[in-house]
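Undergrad: One point on numbering: in my numbering, the residue at position 325 of the sequence shown is 325, and numbering is uninterrupted. Got a structure here, written out as structure tokens. Questions coming.
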Amino acid sequence: MTDTKGKGSQLKRPAAASRAIASALAIMAPAAVVAGVIAPLPASAQSYTTGALIGTLRNETGSALAGVEVSVTSLSQGFTRTSHTDAGGAFRVGALPAGEYRVTFILPEGGTLEQNVKVQVGEDTSYGFTAEATRKLDQVVVTGTASKELTFAQTTSGVTVDVREALRTQPIGRSIESVTLLAPTSVQGDSNFNVSAPTRNTNVTIGGASPAENAFYINGLNITNFDTYLGSATVPFDFFQSVEVKTGGYPAEYGRATGGVINAVTRSGTNEWEFGVSGDWTPDELRDTSPNTYRAFNELNERDASSMTFTAGGPIVKDRLFIFGLYEAQDTRSLSPSISLGSAVLDESDDPFYGLKLDGYVTDSQHLEFTYFDSSREVSRTSLAFDPDTGVIGQPFGGSTLRGGGESWVGRYTGQFTDWMTLSAAYGVSKDRNHQQALDSDTPFVVETRFGTVARVGPQTTVSDDIGDTERAFYRFDADFSFDLLGTHQLRFGLDNEQTTLEHVSARTGKSDYRLFRVTSAGSADTYGVPIGSDLARVTTIRLGGRVEGENEAFYVQDSWDITDRLNLQLGLRNDRFKLDNLIGENVLDLKDNWGPRVGFNYDVDGSGETRVYGSYGRYFIPPASNLSFRGADLFVREYFDLVSFDPSTGAIVLGDERTNLNSNIVDDLGASACPNGAIGPAGTVACLVFGNGSQEPPISKTSRDLSATYEDEFVLGVDRILNDDWSVGARFSWRTLGDVSEDVAIDYAILKYCDRNGIAGCGDIWFGDYQYTVLNPGQAIDVYTRDPLPGQSERQIIHLTEADLAIPEAERDYVGLELTASRAFDGVWSLDGSYVWSSSIGNYEGTVLSDTGQTDAGSTILYDHPGLTDNQYGYLPNHRRHQFKVRGSYQVLDSLMVGANLTVISPKQYGCLGVHPTDGASAAYGADSRFCQGEAVRRGTAFETDWLTNLDLAVRYDVPLKVPGKLTLRADIFNVLGLENVLTANEAGDLPTGGIDPDYRKPLTYQSPRAIRLGFDWNF
């Protein structure tokens, strides 16, 4: 994305200076700077929002030029920072906002050399500068070049994308997700995770992790969804200046992610007033549709999206105070008919977005920033009648309102007090929401199964009202010091603190949902205690949530140590602490002393700066999602009633007697339990399957006594090589392996084993199967408090449960990847970036969420609820892709015409078979969620696979030669040019929840996005 080839510059001097300049260049080559044990050098801070410029100045013979004054001036905002070259001709200027700069070398006797360079956020950008003095008649001409060099001060991998440049040259989706997918090792997350409306805009996996293990920042403000850690707040693409995707090897200041870190910086005002108008239109008429699936009638899908963005930025006070503002008007409409639901969904939204950035420079070295944006959005969802047999869409009959987004802001101060000390501080608040509320919350959701099909019936289309609001307030402090001590050090340390608040309530519409069914076999008649032919209603009542508060804090130290001019060591250490309360404010989790070393090395193989060998080791921790405590006082009850009547036009249901003579086949060997308060039937009636009785779990029993936080270790070894001024290549090997994992487990069965072993009777009356969920580290013995006193005891007590009691395996996930990259910088004609990744992601644990079923309860999925659910889980994980090819580039056809392309080829996803567990009754109660089909074990990832994904996108850009102010560019992007229809996901369920054969096993669920054309324009003046 960045032009890495500099252009020569010239400055003529009078003949009188000729001999002085020539002599100076010769004399300075062997010169050395005399320094004490600790000598001041440039320092930088806060790499979330800034970068650093590293350079080396040499003469035409390659000798270093020492002691030269260096000035670095922002071409956009006018401030200047200064430094000096050291004995090796090297210099470093830090705390630079991303952008273009003029580098000026003030040579002895007045000679000056100037070059323009570009600095990227979050990294040290390195250039090599060459100065040459020649005599021409009576004048001396100083010429020079600036060439992008390898950076030897970091081990981070990934990509940094200049957003405006990317939009100008390549076909890229206008989302943070599209940018993230440009990075090697990143793949699209499973379609089971619905993150598209109205927020939660990112569903990407990095380095074999689940899609809920990434962290997202904008101007240093964490906008990650801490409810489930799936996705982030939505921010319009035009507000971004650059996006950095860190896929591994990141230093100690970055944390709270076991996948990747996506770090974005917004646009700022400059010394020139600039205005812009951009329009984008993706009409349904220029969009193909995917083939139908057994669930979705894709042929009738409609998608229309348009937006108009207005930007303005400039100086309030030249060189000192700048403003940038953005307003985006958007209008989206989508229609999605469903075969399985027998209805169509129409989503419409037209809410705008606002963004503001202020920059103030009290002096050239004292920078104040303020960022504000409002991403509030409302989607009107209407349900329409739909006949899958005729394809006719009828009249509306229900709907809901979805709300997302919120107001966020961050203020930041960065001050460079000396050449060797920089301080930075920040404070901000990020708000988001995720609401889905039915237009009629009093009518229940009903599913009809009595007549040979499974379909939603009645006017209600929303299963639950789900109201979630999040707020994160944070502060951080960072300091950078540079000094010489047995080499050169760039020492950074800091601390940060986040206070999180989740207010999330979920409840079934109409209080309960209903599933109507008919008893058709003798076995079912025995199970429910009714004659064959009886009609019954399964009634499920669920009410969850409340207010959850948490705190994440960390401190870190990172030293970049140049031991010699060819060997650099990265020595870092981070300590995280994670705290989480329950719904009544009691502390549940307090995970301390999570020490994460970050160490690495960079080695200049031959001293030319053109070949780098590097390696790193890092330990990354991820906080527990607030969703964990949201599920701390669940009312989750299932009952069975005789069905008297049902009116599908109104949704009215008349129930008869409650089935109180259920046998143990329904749930597990324990059978039914007493109904709690809040159930449909009378409290105390032994007729309920109780998965949660609505009482707050005591904090003392919610976690094991020696619980450890989830973490992952990463090992990296790589090599980079600059071939010439245009081409660079690289190879990188990485291994990521999970350490401890924290998951909640229903430990009732283990407590019953303890009771049997110790001769304690009556435990089954309390621990009925799903009463005590405890967060623990799978595969380890635990000490834990009982949720209630044991029979015969008056107080809760600690008991020891062995690995055999728990009978669940250790969580395993190993990712191995070999990454090959090649890049050709844009030279005014063409550019190319390509990568190939061979990888393997294997284990029994995908990560904090579960792609198999789309479960987003991070850290509390069903996988470890009961031992049977862990059977046959070891194999290729959902985010395993053996091969990834990614190539993108651009070509300047004419001065006014550019074309670009983006090609992606990814190998298939591996599937097993999900069904009903044949021997574990508690696992069988979950339906088709075990790795057995028709009673036969089927190991994860061994049954079938989807298609290879091949996708080619094209872009055309045309600068209109009109005599209008500024520059007008017309854009056209064609996505999936070849119109391919590769299957991305398929149905992995081989059994029906009732145990029969699922006729739709292996059938496609989703295809790659169909061919679509996006038209647009940019007018900047």
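We put the beta carbon where it would ideally sit given N, CA and C, even for glycine. It should be emphasised that the depicted structure is a prediction, and the values quoted were computed from it without experimental measurement.
In the DSSP assignment, the alpha helix (DSSP H) including A166 goes from what residue to what residue?
TA: That run of the alpha helix (DSSP H) goes V163 to T169.
Undergrad: T861 by DSSP, collapsed to three states: which one?
TA: Three-state result, T861: coil.
Undergrad: Are three or more beta carbon pairs between the stretch 260-277 and the stretch 290-306 nearer than 8 Å?
TA: Contact between the stretch 260-277 and the stretch 290-306 is absent, because fewer than three Cβ pairs lie under 8 Å.
Undergrad: Return helix, strand or coil for N552, following the three-state DSSP convention.
TA: Of the three classes helix, strand and coil, the one that applies to N552 here is strand, per DSSP.
Undergrad: For D657, which three-state DSSP category applies?
TA: Strand.
Undergrad: Pull the bridge partners of F885 from the DSSP assignment, please.
TA: Beta-bridge pairing links F885 to Y836 and V905.
Undergrad: Is it the case that the Cβ atoms of D190 and A153 are separated by a distance below 7 Å?
TA: Not in contact: D190 and A153 (Cβ atoms no closer than 7 Å).
Undergrad: Any C-beta of chain C sitting closer than 7 Å to the C-beta of T488?
TA: Looking for chain C here will not work: only one protein chain is present.
Undergrad: In terms of residue numbering, what span does the beta strand (DSSP E) encompassing Y1007 cover?
TA: P1004 to Y1007 is the extent of the beta strand (DSSP E) around Y1007.
Undergrad: Does the beta-carbon distance from S626 to D227 come in below 7 Å?
TA: It is a contact, given that the beta carbons lie within the stated cut-off.
Undergrad: Using a Cβ-Cβ cut-off of 8 Å (strictly less than) and excluding sequence neighbours within five positions of K592, which residues of its own chain qualify?
TA: Same-chain partners within the cutoff: R577.
Undergrad: For V887, I'd like the list of residues in its chain whose CB is within less than 6 Å of its CB, leaving aside the five on either flank, ordered along the chain.
TA: Around V887: G834 and L903.
Undergrad: Which of the three DSSP states, helix, strand or coil, is assigned to D871?
TA: If DSSP states are grouped into helix, strand and coil, D871 belongs with coil.
Undergrad: Closest by CA to H866, which one among Q892, T821 and H917?
TA: The candidate whose alpha carbon is nearest that of H866 is H917.
Undergrad: Should W595 go down as buried or exposed, given a rule of 16 or more other Cβ atoms within 10 Å for buried?
TA: So W595 ends up on the exposed side.
Undergrad: Between the C-alpha atoms of G8 and E114, what's the straight-line distance to the nearest angstrom?
TA: With a pLDDT of only 34 at G8, under 50, the local geometry of the prediction cannot be trusted, and no value is derived from it.
Undergrad: Entirely within the stretch 537-607 and at least 3 residues each: give me those beta strand (DSSP E) ranges in chain order.
TA: With a minimum length of 3 residues, the continuous beta strand (DSSP E) runs that stay inside the stretch 537-607 are 567-581 and 587-604.
Undergrad: Under 8 Å, with one C-beta from each stretch per pair, do the stretch 842-854 and the stretch 767-774 reach the 3-pair mark?
TA: Too few Cβ pairs lie closer than 8 Å, so no.
Undergrad: Note the first and the last residue of the continuous beta strand (DSSP E) segment covering D959.
TA: Per DSSP, D959 belongs to the beta strand (DSSP E) from L949 to D959.
Undergrad: Kindly indicate which residue of F932, D238 and N987 has the alpha-carbon position closest to the one of N872.
TA: Ranking F932, D238 and N987 by Cα distance to N872 puts F932 first.
Undergrad: Less than 7 Å between C-beta atoms, sequence neighbours within five positions excluded: which residues of the same chain meet that for E213?
TA: Closer than 7 Å at the Cβ level, and outside the excluded window around E213, lie Y229, A257, T258, G259, I622, G847 and T848.
Undergrad: According to DSSP, E448 sits in a beta bridge with which residue or residues?
TA: Bridge partners of E448: A455 and L516.
Undergrad: Give the DSSP-derived three-state secondary structure of Y497 in the structure shown.
TA: First, the residue type needs correcting, since residue 497 is Asn and not Tyr in the sequence shown. Correct three-state label for N497: strand.
Undergrad: Evaluate F1021 with the Cβ neighbour count: other Cβ atoms within 10 Å of its Cβ, from every protein chain shown; 16 or more gives buried, anything less gives exposed.
TA: Burial call: exposed.
Undergrad: Evaluate contact between the stretch 969-980 and the stretch 989-1004, counting only Cβ atoms and requiring at least three cross-stretch pairs below 8 Å.
TA: No: the two stretches stay apart, fewer than three of their Cβ pairs being nearer than 8 Å.
Undergrad: Less than 8 Å between the CB atoms is what I'm expecting for E498 and R518, so what's the real figure, rounded?
TA: Rounded, the Cβ-Cβ distance is 53 Å, inconsistent with contact.
Undergrad: Do the stretch 145-160 and the stretch 238-257 meet, that is, are 3 or more Cβ pairs less than 8 Å apart?
TA: With a cut-off of 8 Å, the stretch 238-257 and the stretch 145-160 count as touching, because enough Cβ pairs lie within range.
Undergrad: So, with DSSP's three-state summary, where would you put P878?
TA: Looking at P878 - three-state DSSP - the assignment turns out to be coil, as it is neither helix nor strand.
Undergrad: Could you name the residues that DSSP lists as bridge partners for L628?
TA: BP columns for L628 are empty, so no partner.
Undergrad: In this structure, how does DSSP classify L806 when only helix, strand and coil are distinguished?
TA: Residue state, collapsed to three classes: helix.
Undergrad: Using three-state DSSP, classify F239 as helix, strand or coil.
TA: F239: helix per DSSP, three-state reduction.
Undergrad: From A31 to L107, what distance separates their C-alpha atoms?
TA: Legend: pLDDT at A31 = 33, less than 50; position of this residue unreliable, value from coordinates given subsequently. If you take the alpha carbons of A31 and L107, they lie about 14 Å apart.
Undergrad: With a Cβ-Cβ cutoff of 7 Å, do I223 and A209 count as a contact?
TA: Taking 7 Å as the Cβ cut-off, I223 and A209 do not qualify as a contacting pair.
Undergrad: Between the Cα of P388 and the Cα atoms of G406, S338 and G99, which residue gives the shortest distance?
TA: Of G406, S338 and G99, the residue nearest in Cα terms is S338.
Undergrad: CB-CB under 8 Å to I862, same chain, minus the five flanking residues each way: which ones, in chain order?
TA: Excluding residues within five positions, the ones whose Cβ falls inside 8 Å are L850, T853, Q855, L869, Y926 and D929.
Undergrad: Helix, strand or coil for C763 per DSSP?
TA: Residue state, collapsed to three classes: helix.
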